[in-house]
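**Q**
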Amino acid sequence: MQPDPSDRLFHLIAHEYGHIEQDPALDDENAPTTVLRQSLIEGTAELVAELISGQVSNVHLQSWTQGHVDEIDARFLADADSSDLSGWLYNGVGTPDQPGDLGYWVGYRIARAFYDKAGDKRAALRTLLDLKNPKDILAGSGWGTGPHG
């Protein structure tokens, strides 16, 4: 993301707008809270923000994850159905050995892969925002099926 505070603010507003568009999905009390679901909620908001602002955030995660992608992907897939979000989301900056909020980065990569594979981008975005079946989105994204997800 750009160092200019106004650019960062624009991206943040776009991210939060993504959450507004997810409102029905966020209110589904029957949907279990899992690492996969919450990561897709945040990752889809990041995708919306990128589509609006033309920028991605969490650039530090992109840099840190180089050389760790396969390990992160395997850990994420193992934890996808877990209700313990503490290793992936809302855990702050983290440490040099383990940055925080990796779920945003993984969720964005899954959402981006799903969107990129879709012939109908509008329908893909609506599917991501509605988040009716996170596992179908994961499968449809093709993410995690090869080297470097």
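Taking UniProt numbering, I'd label the letters of the sequence shown as residues 1 to 149.
Glycine is no exception: its CB is placed at the ideal position from the N, C-alpha and C atoms.
Could you tell me which of Ala139, Trp143, Leu129, Gly144 sits nearest to Ala25, measuring between CA atoms?
**A** Closest option to Ala25, Cα to Cα, is Leu129.
**Q** What does Pro134 pair with, by DSSP beta-bridge criteria?
**A** According to DSSP, which records beta bridges pairwise, Pro134 is partnered with nothing at all.
**Q** Find the nearest neighbour of Pro99 within the set Leu125, Ser63, Asn133, judged by alpha-carbon distance.
**A** Nearest of Leu125, Ser63, Asn133 to Pro99, Cα basis: Ser63.
**Q** Going by the DSSP bridge assignment, what does Gly94 pair with across the sheet?
**A** DSSP lists Pro99 as partners of Gly94.
**Q** Any idea if Asp28 is buried or exposed, counting beta-carbon neighbours within 10 angstroms, 16 or more meaning buried?
**A** exposed
**Q** Are at least three pairs of beta-carbons, each pair with one atom in the region 40-51 and one in the region 6-15, less than 8 Å apart?
**A** yes
**Q** Hey, Gly107 and Leu40: beta-carbon distance below 7 Å or not?
**A** yes
**Q** Taking the C-alpha atoms as reference points, what is the distance between Phe76 and Tyr115?
**A** Going from the Cα of Phe76 to the Cα of Tyr115 covers about 20 Å.
**Q** What residues in its chain sit with their C-beta under 6 Å from that of Ala139, if we drop five residues either side in the sequence?
**A** none
**Q** Give me the residue from Gly92, Asn133, Gln66 with the minimum Cα distance to Ala31.
**A** Asn133
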